[in-house]
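Written below as structure tokens is the structure these notes are about.
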Amino acid sequence: MLPIIVSDEQIGTIVVHPHDHELTQSTLIDRISELIAQTTSEMCDDVAQLRYRVSEVAVLYRLSSLLVRGGSVHDTLRLTLDLALDVLNLEAGAIMLLPEDSEALPRVDMENELERSAAVGLSEQWLDNPIPLSVDRQFDRMSLEGKVVTCEDLGSDPRVIVPEECRAENLVSFLGTGMVFNAQPIGVIRLYSSQRRAFTSNERKLIKSIGESAAAAVEQARLLKMQARQRRTQRALRIAGAVQKRMLPEVTPRFDGVQLAARYQPSQEIGGDFYDLFRVHGKLGVIVGDVVGKGVVAGMLMSAVRATLRAYAEISEELDRVMIRTNDAVCRDTTVSEFVTIWYAMIDPETRVMRSVVAGHDAPLLLRRQADATYAPQPVPGEGMVVGVIPGEQYEMQDLQLLPGDVLLIYTDGITDAADFENHRFGKKRLAESALSLLNEQPDASADEVLKRVFWSMRQFSGLANQADDETLVVIRIEDESKTHTARAL
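Taking my numbering, the leading residue of the sequence shown gets 37, the next gets one more, and so forth.
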């Protein structure tokens, strides 16, 4: 009978009951020694397991701090590599990453796309060697599949292609695993020992945990980088959108007998629609245009076309010549897939004659008062090729006599193409009906009231459905002569 003492306190007793009364003392000692050895072995194994758990928790805690801190991918990988080498007591290693768009890569031969991202204790000659470590890069392939790869002796293992280089680099044993996040491989961890070493199951479990945690940290670092880039892009787009809006007329020109109202609603930060209302050669100049596409490219083209058209309009009253020159300039400076629809007119407020030219744009909607005092739509002549497709294209001017009470709606297709949740279009018919319903209720409704009614009707129709195109509407109303004379007298 032997006491078990821990910290000067007896916590138990080892008792051996010999079944054989003839058991010798030496045999008894052997049995006691065997029992002690077995117990000691179990205790040592428990201690080893405890140490592994403590190491694992410590490593995962330090890796989780990378997630909280949210550093760069490079910093995350370097800290991960240093941590893995330290906790596993290894001397050299490297982390290789797949490209960020690796989800689009085929799983076959994906290992060929790995690129070095961090390295410790390895020479440039080793790192730059294009020859892989293993036959058919099976070490990397297995790692990318989420497996743990070990090699006790790189110099004699038949899977290794470069044993001489391993000896020259003083690399004896290898431990590797993949970095996998949500079943998607993003890279591999390669670790080396300068001493021959058989890696335990606990060490294999630990490197796998490190790889999984590092993969999560890398993905978060990439996500934070992408979010920062998106914020910068959004800020630039907001600034560009504000600059673009400043290009629209801040104050509409005033002409006796003419009311003006306009609204531009881009579908994105930067749009492709534009309008302009300006005084030119003593007349009212009106431009409404729509650039193909949306976003930055459309916004840049819109700015260039507007500036070009406005410049030519200032030096010529011949609208057809203005459009011809604008078309040639756009054809010269753009690709075949970039084009613009434009409606351009000059209105003489004295004679009420409207001279216009069309380049692929929808004809305006003219609402005219009838003999019974109700309003009805009237056709507006004009057609022509879009700007930016055919150099040297010719355009024709059209004259139209406007009458007191006339209401003209010039719009882009974002108005008529506005859709509800069932993808039904607002259309030209509803556009006309929305304005006519107001004018037939209130024959003296102002241009601004007509514009607001159209947008209200369009929103009632489409509800909260997101619209895919910019929306631009210009409303021109020719006042009655009695109101014009009264205004002049005042």
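Even for Gly, the Cβ is constructed at its ideal location relative to N, Cα and C. Note that the structure is predicted; figures quoted are calculated from it, not measured.
Please confirm whether residue i and residue j have their CB atoms less than 8 Å apart.
i	j	result
L190	V208	yes
I451	Y380	no
A501	D456	yes
T115	I243	Residue 115 is actually Leu in this sequence, not Thr. Contact flag unset, no.
E432	D356	yes
V532	V341	As displayed, the chain neither begins before 37 nor continues past 526, which places residue 532 out of reach and without an answer.
V529	A412	Look at the range of the chain in this structure, 37 to 526, and you will see that residue 529 is not part of it.
V416	P400	yes
V109	L180	no
I222	L113	no
I306	G331	yes
R2	E188	Absent from the structure is residue 2, since the part of the chain shown begins at 37 and ends at 526.
V198	I246	no
F462	F497	yes
V389	D449	no
V511	V486	yes
G418	V394	yes
L345	I378	yes
Please return the same chain residues whose Cβ sits closer than 6 Å to the Cβ of residue i, not counting the five positions on each side in sequence.
i	result
T288	L296 and L313
V425	F375
F235	T186 and L211
R513	Q295, V443 and A483
R240	V184
Q503	S303 and A454
With 16 as the cutoff for other CB atoms within 10 Å, does residue i come out buried or exposed?
i	result
D506	buried
N363	buried
M262	exposed
T186	buried
G499	exposed
D326	buried
Q256	buried
T522	Since pLDDT at T522 reaches only 49, below the 50 mark, its modelled position is unreliable, and no value is offered.
V366	buried
L526	Note that L526 has pLDDT 46, beneath the 50 cutoff, so the model's placement of it is unreliable and no number is given.
T508	buried
E205	buried
T387	exposed
Determine the direct distance from the alpha carbon of residue j to that of residue i, and round the result to whole angstroms.
i	j	result
R524	D292	Its pLDDT being 49, under 50, R524 is placed unreliably by the model, and the measurement read from it follows with that caveat. Approximately 8 Å between the Cα atoms of the pair.
A251	M359	58 Å
L169	V254	25 Å
V294	P385	7 Å
Y300	G182	54 Å
S473	V422	33 Å
V333	L150	35 Å
R495	K464	15 Å
V528	V156	Residue 528 cannot be examined here, being either before or after the span of the chain that is shown, 37 to 526.
F175	A128	17 Å
M178	M338	54 Å
T370	D118	53 Å
H460	H397	22 Å
T63	R195	50 Å
S493	R271	33 Å
Q266	Y311	30 Å
K488	A298	10 Å
E458	R391	40 Å
S237	A120	16 Å
A468	I275	36 Å
Got a sec, what are the start and stop residues for the alpha helix (DSSP H) residue i sits in?
i	result
G182	Neither: G182 is in no alpha helix (DSSP H) and is coded neither H nor E.
R152	Careful: R152 lies outside any alpha helix (DSSP H), inside the beta strand (DSSP E) at E151 to V156.
G321	Element bounds for G321: not the alpha helix (DSSP H) but the beta strand (DSSP E), K319 to V327.
A365	L355 to D369
I494	Looking at the sequence itself, residue 494 is Met, so the reference to Ile does not match. Here the alpha helix (DSSP H) through M494 covers A483 to S498.
S470	G463 to E477
Which same chain residues, not among the five before or five after residue i, have their C-beta less than 8 Å away from its C-beta?
i	result
Q414	L402, L403 and R404
E354	M433
Between which two residues does the beta strand (DSSP E) carrying residue i extend?
i	result
D384	Per DSSP, D384 belongs to no beta strand (DSSP E) and is neither H nor E.
V316	D309 to V316
Q220	Q220 to S229
D435	M433 to Q437
R299	V294 to Q301
S209	S209 to F217
A412	Y411 to Q414
R342	Here R342 belongs to no beta strand (DSSP E); instead the alpha helix (DSSP H) covers G331 to I351.
A402	A small correction: the amino acid at residue 402 is Leu; Ala does not occupy that position in the sequence shown. That run of the beta strand (DSSP E) goes L401 to R405.
R513	E507 to I514
Beta-carbon within less than 7 Å of residue i's beta-carbon, same chain only, minus the 5 sequence neighbours each way: which residues are those?
i	result
R361	Y348
N23	Outside the shown range of the chain (37 to 526) lies residue 23, about which nothing can therefore be said.
Cβ of residue i versus every heavy atom of the ligand PLP: is any distance shorter than 7 Å?
i	result
T452	The ligand PLP is absent from the structure shown, which contains no ligand whatsoever.
Please confirm if residue i has its CB atom under 8 Å from at least one CB of chain C.
i	result
I514	In summary, chain C is missing from the structure at hand, where a single protein chain is found.
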